[in-house]
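Just so it is clear: in the sequence shown, position 201 is 201 by full-length UniProt numbering, and no numbers are missing.
A quick write-up on the structure given underneath.
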Amino acid sequence: MGFLYSQLIKSLPYPQGSYAGKTVVVTGSNVGLGKEAARHFARLGASKLVLAVRSLDKGRAAKEDIEATTGCGPDVIEIRQLDMGSYANVQKFASSLASDLDRVDIFVANAGVVHAEYEQVEQDEGTITVNVVSTLLLAALVMPKLKETAERYRTRPTLTIVASEVHAWTPFNERNAPEGGIFDAIDETARKDTTSLYPISKLLEVLSVRAIAEECPAPAFPVTVNTVNPGFCHSELTRDAGTWTIWLMKVFLARTTEYGSRNLVWAGSAGAETHGKYVSDCGVDEPSPFVRSEEGKVAQRRVWAELSKKLEAIHPGVMKNLQ
1 MGFLYSQLIK SLPYPQGSYA GKTVVVTGSN VGLGKEAARH FARLGASKLV
51 LAVRSLDKGR AAKEDIEATT GCGPDVIEIR QLDMGSYANV QKFASSLASD
101 LDRVDIFVAN AGVVHAEYEQ VEQDEGTITV NVVSTLLLAA LVMPKLKETA
151 ERYRTRPTLT IVASEVHAWT PFNERNAPEG GIFDAIDETA RKDTTSLYPI
201 SKLLEVLSVR AIAEECPAPA FPVTVNTVNP GFCHSELTRD AGTWTIWLMK
251 VFLARTTEYG SRNLVWAGSA GAETHGKYVS DCGVDEPSPF VRSEEGKVAQ
301 RRVWAELSKK LEAIHPGVMK NLQ
């Protein structure tokens with residue numbers, strides 16, 4: 001009932017306020033939720049808006065469209081290439097942000113994928129690589145810039161990871177794998193059936209952000225890190241899902257991408273009270289009962305320990321950024 005109420009009845013506020021002087025980065029922003037969130041930030045006067053996209057041509061098209069509909073100046077929007085399927089490219093992107101931008105006030109990690117068939121990317125199936133490993137790698141790599149912004153400009157930046165209510169739709173039996181074997185167990189599951197991977201990836205995002213906040217609580221930690229559920233939307237994310245269930249849900253239940261993007265803007269603009277929290281329908285909400293359970297807490301510790309090792313192997317020393 002909660003899902004249906006949220007999708008069909010709940011009213012979300014139209015984004016207001018001013019982002020003058022702010023620098024905003026939105027990944028996966030050439031289409032869908034990311035593009036519509038970027039459009040809101042541009043409309044509300046962001047001084048610098050970075051569209052982080054895999055295809056530069058599609059990024060340029062998005063830039064032109066946003067400029068035409070918001071009237072923002074030609075120097076506001078900047079296109080940068082980001083391929084979340086490549087750890088090397090993720091590191092290159094983060095390095096360029098750190099060196100080229102004076103500040104980063106809001107970082108919306110929206111880029112994500114869902115695959116209908118198994119596709120290995122780097123060391124894991126692509127859904128896990130892009131949605132989890134690369135997303136948390138990117139979060140850790142941009143954190144020094146966010147901290148620098150906080151100190152230099154006496155503000156509190158926000159890093160928002162786009163999760164989903166589907167984090168509650170997996171039993172996550174892989175948590176029962178032997179010590180150090182959760183990601184291997186997920187890969188075994190993926191080789192048999194990829195349909196459970198997207199919910200698992202969203203659960204891992206929620207668990208990871210909660211782990212970060214537990215280790216680095218507000219207000220001592222100068223950056224707000226949260227997850228946001230945009231709701232089920234008419235997004236290109238499901239273009240590879242290829243199931244009748246998804247098609248029917250999109251026909252009868254899906255929000256427009258503009259409507260869902262309001263959640264991204266709200267979460268990206270939120271303060272310390274949302275640190276480590278799960279945002280839904282433009283407010284702090286409870287994650288799934290499993291996440292809040294004792295079993296969930298054990299799974300969170302194990303997932304974060306394994307993921308931290310992965311991130312350190314990719315970029316030695318990166319976990320210090322989350323301290």
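Every residue, glycine too, gets a C-beta built ideally from N, C-alpha and C.
Please read these numbers as outputs of a predicted model, since none were measured by experiment.
Buried or exposed (CB count within 10 angstroms, at least 16 for buried), Gln16: Classification of Gln16: exposed, given that the 10 Å Cβ count is below 16.
CB-CB length for Gly34 against Asn131, believed under 8 angstroms: At roughly 14 angstroms, the Cβ-Cβ gap does not stay under 8 angstroms, so Gly34 and Asn131 are not in contact.
Residue burial classification, Leu322 (beta-carbon count within 10 angstroms, cutoff 16): By the neighbour-count rule (16 or more Cβ atoms within 10 Å), Leu322 is buried.
Whole-angstrom C-beta distance between Ile106 and Ser269, which should lie under 8 angstroms: 7 angstroms between Cβ atoms; contact.
Cβ-based neighbour list, Ala20, same chain, cut-off 7 angstroms, excluding 5 preceding and 5 following: Exclusion of the five residues before and after Ala20 leaves Gly45 and Ser47 as the residues of its chain whose Cβ lies within less than 7 angstroms of its Cβ.
Pair within 8 angstroms by beta-carbon distance, Arg39 and Thr69: Cβ atoms of Arg39 and Thr69: closer than 8 angstroms.
Which listed residue (Lys309, Thr227, Val279 and Pro219) has its alpha carbon closest to that of Leu12: With respect to the C-alpha of Leu12, the residue from Lys309, Thr227, Val279 and Pro219 having the closest C-alpha is Val279.
Per DSSP, cross-strand counterpart(s) of Lys48: DSSP output for Lys48 lists Thr23 as bridge partner(s).
Member of Asp184, Lys297 and Thr194 whose CA lies at the smallest distance from the CA of Glu306: Measuring C-alpha to C-alpha distances from Glu306 to each of Asp184, Lys297 and Thr194 identifies Asp184 as the nearest.
Three-state secondary structure (DSSP) of Phe290: In the three-state scheme derived from DSSP, where H, G and I count as helix and E and B as strand, Phe290 is classed as helix.
First through last residue of the beta strand (DSSP E) which encompasses Ala111: Ala111: not part of any beta strand (DSSP E); DSSP gives it neither H nor E.
Under 8 angstroms between C-beta atoms of Ala150 and Val53: Ala150 places its beta carbon 8 angstroms or farther from that of Val53.
Cα-Cα separation, Leu4 to Glu67: With a pLDDT of 49 at Leu4, under the threshold of 50, the predicted position of this residue should be treated as unreliable, though the coordinate-derived value follows. So the alpha carbons of these two residues sit roughly 35 angstroms apart.
Backbone CA spacing between Phe252 and Trp169 [nearest angstrom]: Its pLDDT being 41, under 50, Phe252 is placed unreliably in this model, and the value from its coordinates should be taken loosely. If I take the Cα positions, the gap works out to 19 angstroms.
Three-state secondary structure assigned by DSSP to Asn176: Reduced to three states, the DSSP call for Asn176 is helix.
Endpoints, beta strand (DSSP E) assigned at Thr224: That run of the beta strand (DSSP E) goes Thr224 to Asn229.
Three-state secondary structure (DSSP) of Val132: Helix.
When Glu258, Gly231 and Ile200 are compared against Gln300, the one with the closest alpha-carbon: Proximity to Gln300 across Glu258, Gly231 and Ile200 peaks at Ile200, based on C-alpha coordinates.
From Val318, Val303 and Ser261, residue whose alpha carbon lies closest to that of Glu36: Taking each of Val318, Val303 and Ser261 in turn and checking the Cα distance to Glu36, the smallest one comes out for Ser261.
Buried or exposed (CB count within 10 angstroms, at least 16 for buried), Glu125: By the Cβ neighbour-count rule, Glu125 is buried, with 16 or more other Cβ atoms within 10 Å of its own.
Three-state class that DSSP yields for Leu159 in the structure shown: Three-state result, Leu159: strand.
Gln91, DSSP secondary structure in three states: Helix, per DSSP.
CA-to-CA distance, Thr27 to Leu138, given in whole angstroms: Each residue's CA atom was taken as its position, placing Leu138 and Thr27 some 10 angstroms apart.
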